[in-house]
Ligand code: FEO
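In the working numbering, the protein residues as written are 230 to 635.
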């Protein structure tokens, strides 16, 4: 391990000592197509400090990187910005091996860590705004509740102007390059959007509070160092990711309508294609996503910056098809907002699927503009013309909704 993994220098006294998970593809329901990183940071001040740890299974990699610059036993403090196990899993072993003088977390962090692990030491609770003297530098803690968990906080290192932000401003992207400006912008944009949509979309109110808090603190920030993916270090990149979060939390509608569906014998798919054509004729961008070929987390990513959502399913055993139950359960928990919506589907004799999808849309408080569009068995040419018109109507309502959101 020690000959394979080295710490990556950020400054003479700050190192990245995290782990790269090239292989992970399923992150509690989220398809992490490009893997991820669990970032931990080592600050070599008078009081040597480790910011966050890594997933338990990546502990050896983190320790090897630490050992490439310092004997791990020389670490005095460990800061836990976030208790979720992708960042705290290696904490019990770290405490055991390092025996740090202190481990810091928020009050909720101390509680959560205690409920996850049988830790061999007490956690020192830090208050919102509290500053810790590290000797040759100092760090200040700021609580950022529900960004991502109740325990979440960010840590600001004054001398180096680094904001360590745990999940916030992160993305699932494995790679040996440590800085965002070393990656293709298209990849960064997609993975940051996907991360926000799948992890933080339902917490928009808390994201706003975090952004307001960071603005009020008026910090000079030279780097944003999240716990996943690359570090933002250019003024342009820092301004962009903060601006992206502000835009995503508002979830303003656009002229894109996502059509999510699953078909049984091809009839609902034919309806979806005709609806898509109608959407385009009506002046919006249509994005058709069949659940036989798309992943739920990519669907949610598309929904984040859409203005409309149309969901369809064939009726099977008096209900929607299993793939639609999957994506509606997942997407519903992430609470999409500000969408014009509609439901459709083919049926044989009872036709509950589109009604249940309509109820799901209404339960989310979306702007459902019409009754469910249902076709008995296989759509004929008149049915397909009706589907096309349904798409045109959704497009018009979506474009009208943009006026009210400008
Ligand atoms: Fe990356 Fe909420 O943990």
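Heads up, the beta-carbon is just placed ideally off N, CA and C, and yes, glycines get one too.
Since the structure is predicted, the reported quantities are computational estimates derived from the model, not experimental observations.
Review point. Cβ of residue 456 versus every heavy atom of the ligand FEO: is any distance shorter than 8 angstroms?
Key: At least one heavy atom of the ligand FEO is nearer than 8 angstroms to the Cβ of residue 456, so yes.
Return helix, strand or coil for residue 415, following the three-state DSSP convention. Shown here, residue 415 sits in a helix according to DSSP, grouped into three states.
- Message: With DSSP as the reference, identify every bridge partner of residue 603, one or two as the case may be.
- Response: 574
Starting from the Cα of residue 511, find the closest Cα among 558, 607, 327 and 625 and give me that residue. 625
Residue range of the alpha helix (DSSP H) that residue 477 falls in?
464-479
### Query
Exposed or buried, what is residue 400 when buried is set at 16 or more other beta-carbons lying within 10 Å of its beta-carbon?
Residue 400 is classed as buried because its beta carbon has at least 16 other beta carbons within 10 Å across all chains shown.
* Asked: Distance, Cα to Cα, residue 244 vs residue 277?
  -> 11 angstroms
Check: Would a C-beta distance cut-off of 9 angstroms place residue 237 and residue 279 closer than the cut-off?
Finding: no
If contact is defined by three or more beta carbon pairs under 8 angstroms, each pair taking one atom from either stretch, is the segment 336-354 in contact with the segment 395-409? The segment 395-409 vs the segment 336-354: no contact.
ask   = Is the beta carbon of residue 590 less than 9 angstroms from the beta carbon of residue 427?
value = no
Return yes when the Cβ of residue 311 is within less than 9 angstroms of the Cβ of residue 269, no when it is not.
no
Any heavy atom of the ligand FEO closer than 8 angstroms to the beta-carbon of residue 245? no
Output the distance between the C-alpha atoms of residue 587 and residue 541, rounded to the nearest integer angstrom. 9 angstroms
So, is residue 251 buried or exposed, given that buried needs 16 or more other C-beta atoms within 10 angstroms?
exposed
#### Entry: 6 angstroms CB neighbourhood of residue 368 in its chain, flanking five on each side removed
Closer than 6 angstroms at the Cβ level, and outside the excluded window around residue 368, lie 361, 384 and 386.
Can you tell me the Cα-Cα spacing of residue 376 and residue 382, whole angstroms?
-> 8 angstroms
task: Give the straight-line distance between the Cα atoms of residue 506 and residue 620, rounded to the nearest whole angstrom.
output: 7 angstroms
For residue 253, which residues in the same chain have their Cβ closer than 7 angstroms to its Cβ, ignoring the five residues on either side in sequence? Excluding positions up to five away in sequence, the list reads 261, 264 and 265.
Check your understanding: If you run the structure through DSSP and keep just helix, strand and coil, what is residue 447?
Key -> coil
Pick from 313, 325 and 231 that is closest to residue 291, judged by C-alpha positions: 231
Are there any heavy atoms of the ligand FEO lying less than 8 angstroms away from the beta-carbon of residue 316, as far as the coordinates show? yes
- Item | Cβ pair residue 499, residue 508 closer than 9 angstroms | no
Q) Between residue 533 and residue 477, is the Cβ-Cβ spacing less than 9 angstroms? A) yes
Q. How would you label residue 596, buried or exposed, when you count the other beta carbons within 10 angstroms and need 16 or more for buried?
A. Classification of residue 596: buried, given that the 10 Å Cβ count is 16 or more.
Using 8 angstroms for Cβ pairs, my map puts residue 274 next to residue 241. What's the rounded Cβ distance?
Actually they are not in contact, since the Cβ atoms of residue 274 and residue 241 sit about 11 angstroms apart, beyond 8 angstroms.
Open item on the list: Classify residue 480: buried if its beta carbon has 16 or more other beta carbons within 10 angstroms, exposed otherwise.
Closed with: buried
- [ ] Taking all protein chains shown into account, decide if residue 432 is buried (16 or more other Cβ within 10 angstroms of its Cβ) or exposed.
- [x] buried
Could you check whether the segment 446-466 touches the segment 563-576, counting it as contact only if at least three pairs of C-beta atoms, one from each stretch, sit closer than 8 angstroms? no
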